[in-house]
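Scroll down for the structure; my scribbles are underneath it.
Residue numbers (the numbering used here), protein chains in the order written: chain P, 8 to 121; chain L, 71 to 183.
Spelled out as structure tokens, the structure:
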């Protein structure tokens, strides 16, 4: 275990549904990240939080809405998604958002939009 | 914008040989470069980090080089084993530039016995 836990592991949702992905880290880190991984594409950075403040939104559509209530928890709220949003969503954490330390990833949530 | 190329999508080698994976990037040279391993259906796992002023870093059978002039990193696995079969990701640490880790597509290594 990496110390970063994502739930659920798998999610199937319709285009009109609303769902949330949850990420929890037990490492005492201050920075948390959401990445999207689609087949044959590199990991795409979506959001960065540092000390609960969002420091980057990488031009992500508004149907994805992040929430970071504290340094240990990160959510990704989903609504009116499209089939092309089907992917593996990965959460990661690091000590802080300054360079030089490794990122710890969760196992991901495999999302399928039907 | 920063671009990262990992030279091949797939690499097949025989057990016992050395696997060499390449990561090239454009534009901004990061202060740090990292390598991760990803197994199917799982999140990436950190392997090695190398700083811009380090030419080489080793950890057991792994070796990483970093050439900021060529804008290239090489990742070597010596005495490869079937258990080394996985996808290996190169990541530029762009946090000093105000963003995060930026990843390449990865190279899928298959080691046959």
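Ideal Cβ positions, reconstructed from N, Cα and C, are used throughout, including at glycine.
Just to confirm, is the Cβ distance from residue 40 (chain P) to residue 55 (chain P) under 9 Å? Numbered from its first residue, the first chain carries residue 40 (chain P) at position 33. Numbered from its first residue, the first chain carries residue 55 (chain P) at position 48. Their beta carbons are under 9 Å apart, which means residue 40 (chain P) touches residue 55 (chain P) by this criterion.
Where the beta strand (DSSP E) containing residue 126 (chain L) begins and where it ends = The count along the second chain starts at 1 and reaches residue 126 (chain L) at position 56. Here the beta strand (DSSP E) through residue 126 (chain L) covers 126-129.
Identity of the residue in L:83, L:94 and L:103 nearest residue 107 (chain P) by Cα: Stepping through the first chain from its first residue, residue 107 (chain P) is reached at position 100. Checking every option, the nearest Cα to that of residue 107 (chain P) belongs to L:103.
If I measure Cβ to Cβ from residue 59 (chain P) and keep anything under 8 Å in the same chain, skipping five residues before and after, which residues do I get?
By 1-based counting over the first chain, the position of residue 59 (chain P) is 52. Hits under 8 Å: 75, 76, 77 and 78.
**Prompt:** From residue 121 (chain P) to residue 22 (chain P), what does the alpha carbon distance come to, in whole angstroms?
**Reply:** What you label residue 121 (chain P) is simply residue 114 of the first chain in a count that begins at 1. What you label residue 22 (chain P) is simply residue 15 of the first chain in a count that begins at 1. Rounded to whole angstroms, residue 121 (chain P) to residue 22 (chain P) spans 6 Å at the Cα level.
Quick one, are the C-beta atoms of residue 122 (chain L) and residue 95 (chain L) less than 9 Å apart? Here the question's residue 122 (chain L) lines up with position 52 in the second chain. Here the question's residue 95 (chain L) lines up with position 25 in the second chain. It is not a contact, given that the beta carbons lie outside the stated cut-off.
query = For the putative contact between residue 65 (chain P) and residue 37 (chain P), defined by C-beta atoms under 8 Å, what is the C-beta separation to the nearest angstrom?
reply = As a first step, residue 65 (chain P) is located in the first chain; it is residue number 58 there, counting from the start. As a first step, residue 37 (chain P) is located in the first chain; it is residue number 30 there, counting from the start. At roughly 19 Å, the Cβ-Cβ gap does not stay under 8 Å, so residue 65 (chain P) and residue 37 (chain P) are not in contact.
request  = Please go through the region 123-177 of chain L and give each complete beta strand (DSSP E) segment of 3 or more residues, from N-terminal end onward.
outcome  = 126-129, 132-137, 142-147, 156-163 and 171-173
For a contact meaning CB atoms closer than 8 Å, what does residue 102 (chain L) contact in chain P? Working through the second chain from its first residue, we reach residue 102 (chain L) at position 32. Near residue 102 (chain L) (Cβ distances below 8 Å), the residues of chain P are 106 and 107.
* To do: Determine the extent of the beta strand (DSSP E) in which residue 100 (chain P) is found, giving its start and end residues.
  => Stepping through the first chain from its first residue, residue 100 (chain P) is reached at position 93. First-last of the beta strand (DSSP E) with residue 100 (chain P): 94-101.
Let me know if residue 107 (chain L) comes out buried or exposed under the rule of 16 or more other beta-carbons within 10 Å of its beta-carbon. Here residue 107 (chain L) is taken as the residue at index 37 of the second chain, counted from 1. Residue 107 (chain L) is buried by the Cβ-count criterion.
What did DSSP end up calling residue 73 (chain P) once you bin it into helix, strand or coil? Position 66 of the first chain, counting from 1, holds the residue named residue 73 (chain P). Residue 73 (chain P): strand per DSSP, three-state reduction.
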